[in-house]
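Chains as they are written, first to last, in the working numbering: chain F, 235 to 464; chain S, 4 to 23. Glycine is no exception: its CB is placed at the ideal position from the N, C-alpha and C atoms. Nothing here was measured: the structure is a model prediction, and the numbers come from that model.
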Amino acid sequence: YSHPVISRNRVISQLLLTEPAPLAANQDDSTNDGSLRTLLTLCDLLNRELLVLIGWAKQIPGFSGLSLVDQMSLLQSGWMEALLVGVAWRSQGAAGEELVFAGNLRLDEAQCRAAGLADLYEALRHLTAKYKAMNLSPEEAVTLKAVALANSDADQVDCPDSLQRFQDGLHEALQEYEASRREQHRTGRLLMSLPLLRQTADRAVQAFLRLHRRRCVPLHKLLLEMLDAK
Amino acid sequence: KEKHKILHQLLQNSTSPVDL
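Next comes the structure, spelled out in structure tokens:
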């Protein structure tokens, strides 16, 4: 999300500053089965991205003010949405119709289909096309990622007031940023993209659970724990 | 909490190594 102009908004500046550097995929070489190799590489990447995401969440202004129970609930509900904002962002500029999970892990439709991820491919291309058409800025992308986590509608909320303040802080930051650009409709448009993001994340979670159960694809402990929370 | 122990450990910034 590198950007030459430092946002004057404190929250967005912090989000830009703490946005983790993109991870590279470690190519799995434990099998000769190409589609299984793709899946294992992807799952390893996801597991490491999750670890980074948890560290990142702690740096979102307001997140550490939530109770530990609520921090856990938000991450358990919203982790896939937050990760997919990153995938959609990276895939915007991709040549052809690839999904860019990492700089060295770009999957086209045929590769996704072979790996059992045809459904996910379609949903993620739809999301990517939407953000590309909106010409999302780096400030918007990092804020949307934080908003997705804050708005993840966890089942049980320990301290609703703190959560509301956390959400309001991010919402205000986005509104202030868009007002400074004289873009009065952008905040609403971005928030209106959240249902598609939720739907895409649900499909992604189902796809990985299905692969784990039906094809017995082994998953790392953290990824499995987070999928189980779904 | 027991079921989600890795997440719990990571959020608590545990200094003990986390088995991922």
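Ordered along the chain, which non-local residues of its own chain (more than five positions away) have a Cβ less than 8 Å from that of Arg347(F)? Taking the first residue of the first sequence as position 1, residue 347(F) is located at position 113. Excluding sequence neighbours, Arg347(F) sits near Tyr355.
Using a cut-off of 7 Å between C-beta atoms, extract the partners of Ile294(F) located in chain S. Position 60 of the first sequence holds residue 294(F). By Cβ distance, chain S contributes nothing, its closest Cβ being about 13 Å from Ile294(F), past 7 Å.
Tell me the DSSP secondary structure of Val303(F) in three-state form. Position 69 of the first sequence, counting from 1, holds the residue named residue 303(F). The answer is helix: DSSP assigns Val303(F) an H, G or I state.
Anything in chain A within Cβ reach of Ala463(F), meaning under 7 Å, just list it in chain order. Protein chains F and S are contained in the structure displayed, whereas chain A is not.
Given that a residue counts as buried once 16 or more other Cβ atoms are within 10 Å of its Cβ, and exposed if not, what is Ser301(F)? Against the first sequence, residue 301(F) aligns to sequence position 67. Exposed, because fewer than 16 other Cβ atoms sit within 10 Å of the Cβ of Ser301(F).
If I measure Cβ to Cβ from Gln293(F) and keep anything under 8 Å in the same chain, skipping five residues before and after, which residues do I get? Stepping through the first sequence from its first residue, residue 293(F) is reached at position 59. Excluding sequence neighbours, Gln293(F) sits near Gln248, Thr252.
Is there a Cβ of chain S sitting closer than 9 Å to that of Met314(F), yes or no? The residue given as residue 314(F) occupies position 80 in the first sequence. Not an interface residue.
Taking Met306(F) as the query, report the chain S residues whose CB atoms sit under 7 Å from its CB, ordered along the chain. As a working note, residue 306(F) is residue 72 in the first sequence. What Met306(F) touches in chain S: His7, Leu10, His11, Leu14.
Mind listing, in chain order, the continuous alpha helix (DSSP H) runs of no fewer than 4 residues lying wholly within the region 353–421 of chain F? 372–384, 394–414
Do Leu378(F) and Leu431(F) have their C-beta atoms closer together than 9 Å? Reading the first sequence from its first residue, position 144 is the one you call residue 378(F). Reading the first sequence from its first residue, position 197 is the one you call residue 431(F). Closer than 9 Å, so yes.
Counting only Cβ pairs nearer than 7 Å, list the residues of chain S close to Lys379(F). As a working note, residue 379(F) is residue 145 in the first sequence. Near Lys379(F) there are no residues of chain S at all, since even the closest Cβ is about 18 Å away, more than 7 Å.
Strictly below 9 Å CB to CB, what residues from chain S border Gln310(F)? In the first sequence, counting from the first residue as 1, residue 310(F) sits at position 76. Per Cβ cutoff of 9 Å: His7, Leu10.
Report the rounded CA-to-CA distance for His405(F) versus Val391(F), giving the unit in angstroms. In the first sequence, counting from the first residue as 1, residue 405(F) sits at position 171. In the first sequence, counting from the first residue as 1, residue 391(F) sits at position 157. Answer to the nearest angstrom: the Cα atoms are 19 Å apart.
Kindly list the residues whose CB is nearer than 6 Å to the CB of Asn281(F), restricted to its own chain and excluding five residues on each side of it in sequence; keep chain order. Position 47 of the first sequence holds residue 281(F). Cβ neighbours of Asn281(F) beyond the five flanking positions: His454, Leu456, Leu457.
Within the continuous alpha helix (DSSP H) that includes Ala291(F), where are the two ends? Against the first sequence, residue 291(F) aligns to sequence position 57. Ala291(F): member of the alpha helix (DSSP H) spanning 268–291, first to last residue.
Under 9 Å between C-beta atoms of Ala259(F) and Leu273(F): As a first step, residue 259(F) must be located in the first sequence, where it is residue number 25. As a first step, residue 273(F) must be located in the first sequence, where it is residue number 39. Not closer than 9 Å, so no.
Between Ser396(F), Ala413(F), Ala380(F), Ala407(F), which has its C-alpha nearest Ser311(F)'s C-alpha? By 1-based counting over the first sequence, the position of residue 311(F) is 77. Nearest option by C-alpha distance: Ala380(F).
Beta-bridge pairing of Arg347(F) - partner residues as DSSP gives them: As a working note, residue 347(F) is residue 113 in the first sequence. BP columns for Arg347(F) are empty, so no partner.
Of all the CB atoms in chain S, is at least one closer than 9 Å to the CB of Arg447(F)? Counted from its first residue, the first sequence places residue 447(F) at position 213. Chain S contact via Cβ: absent.
Nearest neighbour of Val451(F), chosen from Leu276(F), Leu257(F), Asn243(F) [CA to CA]: For this step, residue 451(F) is matched to residue 217 along the first sequence. Comparing Cα positions, the closest option is Leu276(F).
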